[in-house]
Structures are given as C-alpha cells and as structure tokens.
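Some notes on the structure that comes next.
Protein chains: 2
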Amino acid sequence: MARLKTTHDVFSAIGEPKRRALIEMLTTKEMTVSDLVDAMSWSQPMVSKHLAVLREVKLVKERKAGRYHYYRIQPEELRPIQEWMHQFEKYWGSTMDQLDNYLNTIQTKVNSDEKN
Amino acid sequence: MARLKTTHDVFSAIGEPKRRALIEMLTTKEMTVSDLVDAMSWSQPMVSKHLAVLREVKLVKERKAGRYHYYRIQPEELRPIQEWMHQFEKYWGSTMDQLDNYLNTIQTKVNSDEKN
DNA sequence: TTGACATATTCCCATATAGGAATATAATGA
DNA sequence: TCATTATATTCCTATATGGGAATATGTCAA
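First to last, the sequence lines map onto chains W and V.
All residue numbers for the first sequence refer to this note's numbering, where the first residue is 111 and numbers rise by one.
All residue numbers for the second sequence refer to this note's numbering, where the first residue is 111 and numbers rise by one.
So, in structure tokens, the structure goes:
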C-alpha cells in the first residue's frame with residue numbers, strides 16, 4: 111500500500127510543517143481563513159486545504175459567522191501526542207540527559223547478555 | 111510538489127505508526143534487526159526499511175557487531191516534539207501528575223463503561 | 001438584483017511512499 | 001571453500017498527497 115492518509119490520525123496530520131504552523135498561529139486566538147492567509151502569506155486554497163485536514167482530525171474547530179469562518183484550536187486533540195511522549199518521560203525524568211543516562215545504563219546491562 | 115519525505119524531519123518520521131511501534135520497542139533495550147522481526151512479526155525488509163528512515167532522522171543509532179546490527183533509540187532527537195508540545199501544555203496543565211490523573215480518569219471511565 | 005467578498009472544492013501533475021518479492025551484500029562457521 | 005545466517009537494497013505498484021489554477025459555493029452590501 112501507499113503512505114497513510116494525512117487524516118489517518120493526529121500524528122500524520124502534524125507531519126506537515128505548514129499544518130504545525132497553522133496550529134501555532136491559532137494557539138492564542140481564533141482566526142478567519144483570510145486572517146490566516148494574511149498572516150501566513152499562503153494562497154487562500156492552500157490555507158483552506160490544510161485547515162480541512164486539521165478539521166478532519168479535529169485539531170481545529172470551525173465557527174461560521176456569515177461569510178467568515180473562524181477557526182480555533184482544539185488542544186485536547188493533541189493529547190495522543192503528549193501521551194506518546196509521556197511514555198518516554200517516565201524513563202528520563204525531567205531532562206533528556208537523564209533519559210540518556212538511564213538508557214545507557216540499562217542497555218549496558220542488556221549487552222552483557224549479548225549474542226556474539 | 112508532493113508530500114514531504116518521511117525523512118524530512120522527526121515529525122514526518124513518526125507519522126507512520128509502525129515507526130512509532132519500533133521506537134516504543136527500543137525504549138528500554140538495544141535490539142538487533144532479527145530481534146525486532148521476531149518481536150513485531152513483520153517481514154525483515156519491512157523492519158530494515160523503517161529502521162532506515164529512523165536512522166536517517168537520527169532517532170535510532172546503529173551499532174554493528176559482526177553479522178548483527180544493534181539498534182538503540184536516540185532520545186534527544188525527540189526533543190523537537192517535546193518542545194513543540196510544550197507550548198500547548200498550558201491548555202491542560204503542565205505537570206505529568208495532571209496527565210496521570212487524566213489517564214486514570216479515562217481508564218476508570220472505560221472500565222466502568224465496559225461493565226454496562 | 002448584482003457585483004464583490006470569503007471560503008471550499010475540483011482538476012491536474014510531479015513526487016514519495018509502504019509493502020511484497022526478489023536480490024544483493026556481509027559475516028560466520030564447518 | 002561454501003552453505004548458512006543477518007541485514008540492506010532494489011524493483012514494482014497502488015495510493016495519497018501538496019501546490020497551482022480554475023471554479024464552485026455562500027454571504028453580504030449597495
């Protein structure tokens with residue numbers, strides 16, 4: 111088969127840098143499509159199409175007011191990512207360096223049982 | 111243009127569920143390709159090809175010992191994701207304790223739903 | 001009503017997969 | 001040397017883009 115659809119899940123959806131940029135832009139405020147077109151300097155169809163992907167995975171929510179469509183982020187939908195990262199945090203504590211040390215320690219132990 | 115290469119960055123690389131599974135499997139120990147083939151029940155070329163993507167974005171590191179190629183996770187390469195997520199933490203609370211509570215709540219809810 | 005504005009969708013195309021199968025490369029041991 | 005084992009790469013194909021251009025849909029205002 112080919113690659114997964116970008117709308118398969120949140121991980122796929124945020125794989126595209128432009129969609130991450132949209133999410134960042136929407137972090138603090140609700141914005142219309144044309145607000146986003148101005149802010150990002152992309153074509154209007156490009157903005158609409160990336161928003162459509164984010165909408166499908168529910169990372170953004172649309173609120174229509176006449177001609178204007180206001181988009182806002184749905185941060186709770188990012189939880190799967192946070193949870194996925196969380197499984198690594200339980201090994202590393204607060205810093206990446208601690209995780210490194212932890213992994214080096216246990217992997218050294220495992221290696222004493224090595225095959226060669 | 112077409113879609114970004116999966117090796118474009120860490121975000122693209124982990125968009126594929128199988129690659130996330132490999133990373134999870136490598137969290138606690140170094141493993142050879144055949145270890146991973148056995149653990150995941152995928153074909154050997156499939157494992158090797160997904161590892162190649164992870165290797166290219168430096169999420170895993172290879173250590174060759176004779177015929178065996180040991181792979182280990184490079185956790186510091188997950189930092190871009192952690193940092194990107196950090197900006198949203200304020201929406202659900204920044205501590206892992208709160209995340210734990212959230213997860214426990216969900217789990218409890220799921221369990222009680224199953225009983226009905 | 002009608003033109004202008006706001007947004008979404010469709011068409012087209014070049015590109016990059018993911019997966020299966022076959023094959024290549026490399027290291028080992030008898 | 002040669003068969004076996006371990007891993008990587010190549011070939012093939014169906015599929016899904018992301019971007020540009022054109023167009024459709026929806027809404028408002030004069």
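Cβ atoms here follow ideal geometry from the backbone N, Cα and C, with glycine treated the same way.
- V/K159 sits in a helix when the DSSP states are folded into three classes.
- In the DSSP annotation of this structure, V/H196 is not part of any beta strand (DSSP E); the continuous alpha helix (DSSP H) holding it starts and ends at 189-196.
- DSSP places W/M111 in the coil class of the three-state scheme, outside both helix and strand.
- With its beta carbon less than 8 Å from one in chain V, W/P185 belongs to the interface.
- Residue V/E134 holds the alpha-carbon nearest to the alpha-carbon of W/W194 among V/T116, V/T117, V/E134, V/K171.
- In this model, V/F198 and W/P185 are separated by some 7 Å (Cα to Cα).
- Taking a 10 Å sphere around the C-beta of V/H160, we find 16 or more other C-beta atoms and assign the residue as buried.
- For the 8 Å CB-CB criterion, W/R182 and W/L146 do not form a contact.
- Contacts with chain V (Cβ-Cβ distance below 9 Å) from the stretch 158-192 of chain W involve I183, P185, E186, L188, R189, I191, Q192, listed in chain order.
- Proximity to W/S122 across W/V167, W/G176, W/T138, W/E140 peaks at W/V167, based on C-alpha coordinates.
- Judged by DSSP secondary structure, V/I133 falls outside any beta strand (DSSP E) and instead within the alpha helix (DSSP H) spanning 127-135.
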